[in-house]
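Structure first, commentary second.
Protein chains: 2
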Amino acid sequence: MRKLAVFNHVSLDGYFVDMNGDMSWAKADHSDAEWNTFVSENASGEGALVFGRITYEMMASFWPTPFAIETMPAVAAGMNSMEKVVFSRTLKQALWNNTKLVKGDPATEMRKLKKEPGKDMVILGSGNIVAQLAQESLIDEYQIVVNPIVLGKGRTMFDSLKKKLTLKLTRSRTFGNGNVFLCYAPR
Amino acid sequence: MRKLAVFNHVSLDGYFVDMNGDMSWAKADHSDAEWNTFVSENASGEGALVFGRITYEMMASFWPTPFAIETMPAVAAGMNSMEKVVFSRTLKQALWNNTKLVKGDPATEMRKLKKEPGKDMVILGSGNIVAQLAQESLIDEYQIVVNPIVLGKGRTMFDSLKKKLTLKLTRSRTFGNGNVFLCYAPR
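Protein sequences, first through last, are from chains Y and B.
Numbering-wise (my numbering), the first sequence opens with residue 1 and increments by one.
Numbering-wise (my numbering), the second sequence opens with residue 188 and increments by one.
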């Protein structure tokens, strides 16, 4: 069975986007070489990426641009070539390279996807999708980068979750730029 | 000048209390001896404790009880004997041992307190006080324990903060029970 992980940056107050949907606060300090290696390795993985519509449209409008390709070549190459799934009832088409548009209920469709042969999957951003799939116990790993910043207001990726989720810390790593990578499995 | 820290548990989604003001989810796993030592050492410190009214009343109704003293003797002894400050406009009196009731504006009063001779101070709980004093750059250290749980809904200790707060990670420590202690200073 294919595994499903989520990888997201959060602020110390738990938000993956600020009140305007912005996540650029999470990229502030790239002067840490160890951190940059970690980011590049993550993006060059073999997995498939999973998105909700909002994050998909944001990333689809950024990663194929010359700016992205020139400033972050390794990450951009990975993001543009990897297999992608986007859940949306409203999108008519999904034009970013190698994307499958899925219109059905995310939990139902993810149950099917996990049983199909294929690569392991990672959700990026996509708070609504994370909450829905976490609720249905479909997420096998939570990869969270706690950033050294407090936003004051924003959205968590677990908003609307109807039950508490108890987790098991499986690994952690601290970076010189103040980011802390925490990895959890469901209990 | 006296230093002011905050020490709080948060869920992975950033909340220090759930929607009912409950923080008992943060005490679930005490089977980790290293963690228990860490908690006891924290509570037996030389510092003074700082509270808003809500957390003060909750703690004042718990720590002096025989139940608290019998089940957590080291922590209870520390909590009951340490100097305490409670900020409240509405409290008439503060009867928990060794408490000073302060009725003025928390930021103004904290500026005065920090200049007086005395022990370093630690805020526990007290989200409204944390947000007000963080806003005014009066907090010197943020000591946060990230618990391996997602609450879905709750209150952060930074709600109503009007500006982003950029921090510097100064230390971190991972415990076998899945708690991660993160310590930050303002930038």
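All residues carry an ideal CB built from backbone N, CA and C; glycine is no exception.
Just verifying my parser: in three-state terms, what is the DSSP assignment at Val330 (chain B)? The sequence given here has Gln at residue 330 (chain B), not Val. Gln330 (chain B) falls in the strand class under three-state DSSP.
At what residues does the beta strand (DSSP E) containing Gly239 (chain B) begin and finish? Per DSSP, Gly239 (chain B) belongs to the beta strand (DSSP E) from 235-239.
Tell me which residues share the same chain as Asn267 (chain B) and place their Cβ nearer than 7 Å to its Cβ, disregarding the 5 neighbours each side in the sequence. Taking C-beta separations shorter than 7 Å and ignoring five residues to either side along the sequence, the partners of Asn267 (chain B) in its chain run Trp250, Pro251, Asn284, following chain order.
Taking only three categories from DSSP, how would you classify Ser359 (chain B)? Three-state DSSP puts Ser359 (chain B) in a strand.
Asn315 (chain B) in three-state terms, based on DSSP: In the structure shown, Asn315 (chain B) falls within a helical segment according to DSSP collapsed to helix, strand and coil.
If we cut at 7 Å on Cβ distances, does Ser218 (chain B) have a partner in chain Y? No - not a single Cβ of chain Y is within 7 Å of the one on Ser218 (chain B).
Please classify Leu24 (chain Y): is it buried, with 16 or more other beta-carbons within 10 angstroms of its beta-carbon, or exposed? The sequence as given places Ser at residue 24 (chain Y); Leu does not occur at that position. It is exposed - the Cβ of Ser24 (chain Y) has fewer than 16 other Cβ atoms within 10 Å.
Under the three-state DSSP convention, the category Ala77 (chain Y) falls into: Looking at Ala77 (chain Y) - three-state DSSP - the assignment turns out to be helix.
So, does the CB of Ser313 (chain B) fall closer than 7 Å to a CB anywhere in chain Y? No, Ser313 (chain B) lies away from the interface with chain Y (no Cβ there is under 7 Å from its Cβ).
Cα separation between Tyr184 (chain Y) and Asp307 (chain B)? Straight-line Cα distance between these residues: approximately 35 Å.
Kindly indicate if chain B contains any beta-carbon less than 7 Å away from that of Gly152 (chain Y). Chain B has a Cβ within less than 7 Å of the Cβ of Gly152 (chain Y).
His196 (chain B) - partner residues in DSSP beta bridges: Assignment of beta-bridge partners to His196 (chain B) by DSSP yields B:Val332.
Where Val102 (chain Y) and Lys299 (chain B) are concerned, what is the direct C-alpha to C-alpha distance, given to the nearest angstrom? Each residue's alpha carbon lies about 60 Å from the other.
Would you call the segment 121-129 of chain Y in contact with the segment 52-72 of chain Y, where contact means no fewer than 3 C-beta pairs closer than 8 Å? Between the segment 121-129 of chain Y and the segment 52-72 of chain Y there are three or more inter-stretch CB-CB distances shorter than 8 Å, so the stretches are counted as touching.
Give the residues from the segment 363-374 of chain B that approach chain Y closer than 7 Å (Cβ to any Cβ), ordered along the chain. Across the segment 363-374 of chain B, CB contacts with chain Y closer than 7 Å involve Gly365, Val367, Leu369, Tyr371, in sequence order along the chain.
By Cβ distance, which residues of its chain are closer than 8 Å to Leu352 (chain B), with the 5 residues on each side in sequence left out? For Leu352 (chain B), same chain residues with a beta-carbon under 8 Å away, outside a window of 5 residues either side, are Ala321, Phe345, Pro373 in chain order.
For the segment 190-205 of chain B and the segment 323-332 of chain B, state whether three or more C-beta atom pairs, one from each stretch, are separated by less than 8 Å. Taking 8 Å as the limit for Cβ pairs, the verdict is that the segment 323-332 of chain B does touch the segment 190-205 of chain B.
Please list, in chain order, the chain B residues whose beta carbon lies closer than 7 Å to that of Leu21 (chain Y). Before going further, note that residue 21 (chain Y) is Gly rather than Leu in the sequence given. Those do not exist, as Gly21 (chain Y) stays about 15 Å from chain B at its closest Cβ, beyond 7 Å.
Express the C-alpha separation of Asn179 (chain Y) and Asp32 (chain Y) in angstroms, rounding to a whole number. Going by the C-alpha atoms only, they are around 10 Å apart.
Residues of chain Y with a CB under 8 Å from the CB of Lys343 (chain B): which are they? In the sequence as presented, Lys is not what sits at residue 343 (chain B); that position holds Thr. Per Cβ cutoff of 8 Å: Asp13, Gly14.
Quick one: which chain Y residues come within Cβ less than 9 Å of Ser359 (chain B)? The answer, in chain order, is Ser172, Thr174, Val180.
Give a yes or no on whether 7 Å exceeds the smallest Cβ distance from Thr353 (chain B) to chain Y. For Thr353 (chain B), a Cβ of chain Y is located within less than 7 Å of the residue's own Cβ.
Could you tell me whether any Cβ in chain B is nearer than 7 Å to the Cβ of Pro106 (chain Y)? By this cut-off, Pro106 (chain Y) is not an interface position.
At a CB distance below 9 Å, what residues from the segment 53-64 of chain Y approach chain B? Give them in sequence order. Across the segment 53-64 of chain Y, no CB contact with chain B closer than 9 Å is found for any residue.
Can you look up Arg155 (chain Y) in the DSSP assignment and give me helix, strand or coil? DSSP, read as helix, strand or coil, puts Arg155 (chain Y) in strand.
Is Phe249 (chain B) helix, strand or coil by DSSP? In this structure, Phe249 (chain B) counts as coil in the three-state DSSP scheme.
Helix, strand or coil: which one does DSSP assign to Leu95 (chain Y)? The DSSP-derived three-state label of Leu95 (chain Y) is coil.
Name, in chain order, the residues that DSSP records as bridge partners for Lys163 (chain Y). According to DSSP, Lys163 (chain Y) bridges with nothing at all.
Here's a check: name, in chain order, each residue in its chain whose Cβ is nearer than 7 Å to the Cβ of Ala107 (chain Y), leaving out the five neighbours to either side. Counting only Cβ-Cβ distances below 7 Å, and skipping sequence neighbours, we find Gln132, Leu133, Glu136, Leu138.
Tell me which residue opens and which closes the alpha helix (DSSP H) that Ala107 (chain Y) is part of. For Ala107 (chain Y), the uninterrupted alpha helix (DSSP H) segment begins and ends at 106-115.
Return the CA-CA distance between Thr224 (chain B) and Leu354 (chain B), expressed in angstroms with no decimal places. Each residue's Cα considered, the two are about 27 Å apart.
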